[in-house]
Structures are given as structure tokens and as C-alpha cells.
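S.K.: Sharing a structure with you now.
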Amino acid sequence: MPERVKSKIYRIVVRPAAMYGAECWPVTKESESRLSIMLRWMAGITRLDRIRNEAIRQKVGVAPIADRMREARLRWYGHVLRGNEGSVHKIGLNFEVSGKRPR
Numbered sequence: 004m005p006e007r008v009k010s011k012i013y014r015i016v017v018r019p020a021a022m023y024g025a026e027c028w029p030v031t032k033e034s035e036s037r038l039s040i041m042l043r044w045m046a047g048i049t050r051l052d053r054i055r056n057e058a059i060r061q062k063v064g065v066a067p068i069a070d071r072m073r074e075a076r077l078r079w080y081g082h083v084l085r086g087n088e089g090s091v092h093k094i095g096l097n098f099e100v101s102g103k104r105p106r
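Per this note's numbering, residue 4 is the first one in the sequence shown, and the count goes up by one each step.
Printed below as a string of C-alpha cells:
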């Protein structure tokens, strides 16, 4: 399959499915790594090929997945800030927990 078609499939099908709900995820290095591994797998490149993720993204023509996740979180944060004062999201944003967290 041509790289151009793979790139379109990744942007239209794979990335939205993989990032569904990413606005609410606690982002860890592992989650970012897993999403980068998916791109590597789609491109048919293994770690034995010793090609950097940046080179793969450039070859396929997609943005870093961590940047897309950051954009999604900021977009969601903007929606929450613009929401009504009585909305569940706004209440959760301003909620303060008293006491200590159990060990």
C-alpha cells in the first residue's frame, strides 16, 4: 500500500479511534509511547530498523501524537471554562478536596 494512502488512513481512521477521550486521560510516557508504536507498526518499521520516530512521522507526514493530545486537552479545557457555572464539569474543575489522601 502506498505511503500516502497509509498516511490518510492513519489520520482519518486510526488516530481518531486511538485518541477517543484523550482529553480526560492522565497522559503518561507509556500512553504516548504506545500511540507512537502504532504509527511505527502502520509504517511497517521495526525497532531493528533503527529509524527514529521523528523520521517516521516526517516520512508519513503526520504531527506528533503528544501534540495532538495536548491540543485536544486544551480544546476541552476551553469548553469547560466557557460552560455554565452550575455544570458538572465546571463544579469538578473548581472542587477542592479537604483532608489528606490515604497512603
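Positions of the beta carbon are idealized from the N, C-alpha and C atoms, including for glycine. Quantities reported herein were computed from a predicted structural model and do not represent experimental measurements.
Taking buried to mean at least 16 other C-beta atoms within 10 Å of its own C-beta, is residue 4 buried or exposed?
M.R.: Under this definition residue 4 is an exposed residue.
S.K.: Should residue 9 and residue 63 be called a contact, given that it needs their Cβ atoms to be closer than 9 Å?
M.R.: Going by C-beta atoms, residue 9 is nearer than 9 Å to residue 63.
S.K.: Just the Cα atoms here: how many angstroms apart are residue 90 and residue 47?
M.R.: Taking the straight line joining both Cα atoms gives about 45 Å.
S.K.: Please confirm if the region 75-87 is in contact with the region 23-30, defined as three or more CB-CB distances below 8 Å between the two stretches.
M.R.: yes
S.K.: If you reduce the DSSP assignment to three classes, tell me which class residue 75 lands in.
M.R.: helix
S.K.: Okay, do the region 54-74 and the region 32-45 touch, 3+ Cβ pairs below 8 Å being the bar?
M.R.: Flag = yes, the region 54-74 and the region 32-45 touch.
S.K.: Can you give me the C-alpha to C-alpha distance between residue 94 and residue 22, rounded to a whole angstrom?
M.R.: 25 Å
S.K.: Would you give the residue range spanned by the alpha helix (DSSP H) that residue 45 belongs to?
M.R.: 32-46
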